[in-house]
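In the numbering used here, the protein residues as written are 8 to 294. Backbone N, C-alpha and C fix where the C-beta goes; we use that ideal spot for every residue, glycine too. First the structure, in the form of structure tokens, and then the observations on it.
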């Protein structure tokens, strides 16, 4: 059977499209060329197509020789059952996980959710809508870096999982670390075209309210993350300052908004949990 050498599981809005281009240029690496969407990057097998396609369909995306991989950020939201099933199917695969300051990542994702891939400029976002998007499974699951790292490291072993910070990923030191992890030549540099930024979100200054939301929600997570991923310490410092600046009246306002959105939010989480359990069962049934 033809299987990938590595998976990049995200995170979303963390430069993975650019990473796909860079790795595909490397003479020893072959990336998937028939993925979902305009950029042919994401295969989405374990979070979507495992429900309708067999393992042979997935394996058809990879060459019979050399180092190959795929990048699908949605894999970062899979639960323990999903990841253990992937481990049973791909016991030797390596895992790459790109992390970004949570507030910056979430803001980039929310802007994308509001505008799609359009370049139209967003002018404002009301707090009610900001809370609705912030509380959605799509945002929350992609932002719990500590949980994601634990799930994948427990399944594959910490030596098989490489977390990298978004802002150093494609700088010389970050790229060398990544290529060494994949055991390919690190004495290599990508072209300017491959390294160029892509899919930039429409310009809109991050509202201070989002920083306060992140501090209230993710500060404990960052405190845990810093113990296993020290490069995240600057994010923790920033979030501590945001917490100290958060007005009590803001937290009261958010509480009231959440009461009005509670039922809708519960429905989204129920649907998300059901889907992830179904994905795990579908993969397990194919092994």
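query                                                                                                                                 : result
Quick one: Cα of residue 146 to Cα of residue 79, how far?                                                                            : 16 angstroms
Alpha carbon to alpha carbon, how far is residue 288 from residue 89?                                                                 : 8 angstroms
Please say whether residue 84 and residue 14 have beta carbons closer to each other than 9 angstroms?                                 : no
List the residues that DSSP assigns as beta-bridge partners of residue 38.                                                            : 76
Ends of the beta strand (DSSP E) at residue 13?                                                                                       : 13-15
What is the DSSP secondary structure of residue 133, reduced to helix, strand or coil?                                                : coil
In whole angstroms, give me the CA-to-CA distance for residue 280 and residue 194.                                                    : 44 angstroms
Considering only the beta carbon of each residue, do residue 171 and residue 106 sit closer than 9 angstroms?                         : yes
Determine the burial state of residue 103: buried for a count of at least 16 other Cβ atoms within 10 Å of its Cβ, exposed for fewer. : buried
What number of angstroms, rounded off, separates the C-alpha of residue 221 from the C-alpha of residue 8?                            : 43 angstroms
What residue range is occupied by the uninterrupted beta strand (DSSP E) comprising residue 101?                                      : 101-106
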